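Student: In this note's numbering, the protein residues as written are 1 to 474.
1) Start and end of the alpha helix (DSSP H) containing residue 15?
2) Considering only residues of the same chain and omitting the five flanking positions on each side of residue 77, which have a CB-CB separation below 6 Å?
3) Could you give the distance in angstroms between the alpha-carbon of residue 386 and the alpha-carbon of residue 344?
4) Could you work out which residue in 287, 213, 424, 367 is closest to residue 126 when comparing CA atoms only?
5) Going residue by residue through the segment 219-262, where are the continuous beta strand (DSSP E) segments of at least 3 residues, counting only ones entirely within it?
6) Helix, strand or coil, according to DSSP, for residue 466 in the structure here?
7) Can you look up residue 287 in the DSSP assignment and give me helix, strand or coil?
8) Relative to the C-alpha of residue 331, which candidate in 358, 303, 368 has its C-alpha closest?
9) Under 8 Å between the Cβ atoms of residue 395 and residue 328?
10) Do you know offhand how far residue 399's Cα is from residue 19's?
11) Tell me, please, whether the segment 19-37 touches the segment 172-182 by the rule of three or more beta-carbon pairs shorter than 8 Å.
12) Could you tell me which residues DSSP puts in a beta bridge with residue 517?
13) If you drop the 5 nearest sequence neighbours on each side, which residues of the same chain put their C-beta closer than 6 Å to that of residue 204?
14) I think residue 314 touches residue 409, with their Cβ atoms under 8 Å apart; what is that distance to the nearest whole Å?
15) Could you check the C-alpha separation between residue 197 and residue 348 for me, to the nearest Å?
16) Round the Cβ separation of residue 129 and residue 50 to the nearest angstrom and send it over; I've been treating them as touching at under 8 Å.
17) From residue 366 to residue 336, what does the alpha carbon distance come to, in whole angstroms?
18) Does the structure place the segment 273-292 close enough to the segment 449-467 that three or more beta carbon pairs sit under 8 Å?
19) Are the segment 77-90 and the segment 138-155 touching, with three or more C-beta to C-beta distances below 8 Å?
20) When you compare each of 194, 73, 183, 81 to residue 32 by their alpha carbons, which one comes out closest?
21) DSSP beta-bridge partners for residue 31?
22) Find out if the Cβ-Cβ distance for the pair residue 272, residue 305 is shorter than 8 Å.
23) Could you give the distance in angstroms between the alpha-carbon of residue 454 and the alpha-carbon of residue 150?
24) Kindly indicate which three-state DSSP category residue 2 falls into: helix, strand or coil?
25) Can you tell me which of the three DSSP states residue 421 falls into?
26) Looking at the unbroken beta strand (DSSP E) that takes in residue 329, where does it start and where does it end?
27) Quick one: what does DSSP say residue 383 is sitting in, helix, strand or coil?
28) With contact counted as at least three CB pairs below 8 Å, one residue from each stretch, are the segment 247-261 and the segment 181-193 in contact?
29) For residue 68, I'd like the list of residues in its chain whose CB is within less than 6 Å of its CB, leaving aside the five on either flank, ordered along the chain.
30) Starting from residue 344, trace the alpha helix (DSSP H) both ways and give me its first and last residue.
31) Figure out for me which residue from 84, 218, 230, 34 has the closest Cα to the Cα of residue 277.
32) Who are the near neighbours of residue 303 in its chain, counting only those whose CB is closer than 6 Å to its CB and skipping five residues on each side?
33) At a cut-off of 7 Å, would you count residue 213 as near the ligand ADP, judging by its Cβ distance to the nearest heavy atom?
34) Reducing DSSP to helix, strand and coil, say where residue 305 ends up.
35) For residue 400, does the three-state DSSP call read helix, strand or coil?
36) Grab me the residues of residue 37's own chain with a C-beta within less than 6 Å of its C-beta, minus the 5 sequence neighbours each way, in chain order.
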């Protein structure tokens, strides 16, 4: 029955990031993209992020709230939205005035209680998407598109968090990706051909606003696509697709035309910033094709991520770097045959709220990598961690570092063929090597200043020379 509903009323989900909704030219392209789908007999669910820079400004607003110095930041945010409405030729002055009064009152409450709770933080951060989608809705109506504005919180609920006191309960929610028959029926009854709603936002079982984490708009789109069993989901962004490397760092990088879900997941985890790592699983479970498309040039095909049977062909598909890596190495002979030693060590990381990326162990040492961007940047947190670790063993920090990852398929089978390639490591000091159990990546951690040179050499040897005739590969 689920499939019947989705086939009778085919929906496509299209998501636009912050850089794709920030000016008139973007909205002209969005209009053309929507009309293209409508012309093919599809109905369109549009998911939007806040305009570029607004989420950062709202975070600054929260930081300034306790001091009471909010007028200037509010003015800057307000002017961003007013400028957009003027570019689009629509009048939203009354709506914006009302919403900014509510935002100011909410932030004033923070000053009075002298605390920014995660619950209030989520409410403040959600304003970016709500304001944008209202403006977008008015513009699309002006373009003769029958569109319905929708509060996404009525459609997207987070799974119950075990501890409402934990910040993640409000700032990093997770949703089910199971098909929602009631939502399918709701959309079936919608008279408009287009619905516009917000990314980044959901609600919990209490009806409170919850965020899906930074970059969570991608996940919003794929959650919704999975729930309604959409025909496809498109992520429209400011890059033409997923590349064999970061094209800003390696200009010779090639566009990857097709990827399996697991390959795309690995690329996102290892440093490809085009997609949020959490957005792949919902569409993967429902086998919904996911496309990465280029908003400035809608006619370009981009990258398709789909349910293709895993190929037995061994391939390196991308060379990725991730900067701001810290290594912590622990050495002691006491860990040899010591039951529970690693459990005790990792409990120290949990206590300090620090997540671990890579792990390398031997009989007398364990080395882990930490992503500074995913953990607290306060030095006292790292100091406290080291103090606890030193109770068990000698612990020391290696920094600044960066990781260089070879991502592809059947990496283990490729290793014997890479003897000549590994000669590039003669010039590098390798602090950590990690091979993924799923055989999709091989990662090296080196000094940060060496990472770019190493990545460029590996890309040249493993991709450019092997695919010299193709501008687009795989």
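By construction, the Cβ of each residue, glycine as well, lies at the ideal position given by its N, Cα and C atoms.
For clarity, every value in this text was computed on a predicted model and none was experimentally measured.
Tutor: Taking the structure as given:
1) It is not in any alpha helix (DSSP H) - residue 15 instead sits in the beta strand (DSSP E) that spans 11-16.
2) 57
3) 13 Å
4) 213
5) 232-237, 258-260
6) coil
7) coil
8) 368
9) yes
10) 33 Å
11) no
12) Residue 517 lies beyond the stretch modelled for the chain, which goes from 1 to 474, so this question has no answer here.
13) 158, 210
14) 6 Å
15) 41 Å
16) 5 Å
17) 11 Å
18) no
19) yes
20) 194
21) In the DSSP output, where bridge partners are listed per residue, residue 31 has none listed.
22) no
23) 48 Å
24) Caution applies to residue 2, whose pLDDT of 48 falls short of 50 and renders its modelled position unreliable; the value that the coordinates give is listed next. Residue 2: helix per DSSP, three-state reduction.
25) helix
26) 315-331
27) helix
28) no
29) 111
30) 341-351
31) 218
32) 241, 242, 256, 292
33) By its list of ligands, the structure shown contains no ligand whatsoever, and the ligand ADP lies outside what it can speak to.
34) strand
35) strand
36) 12, 44
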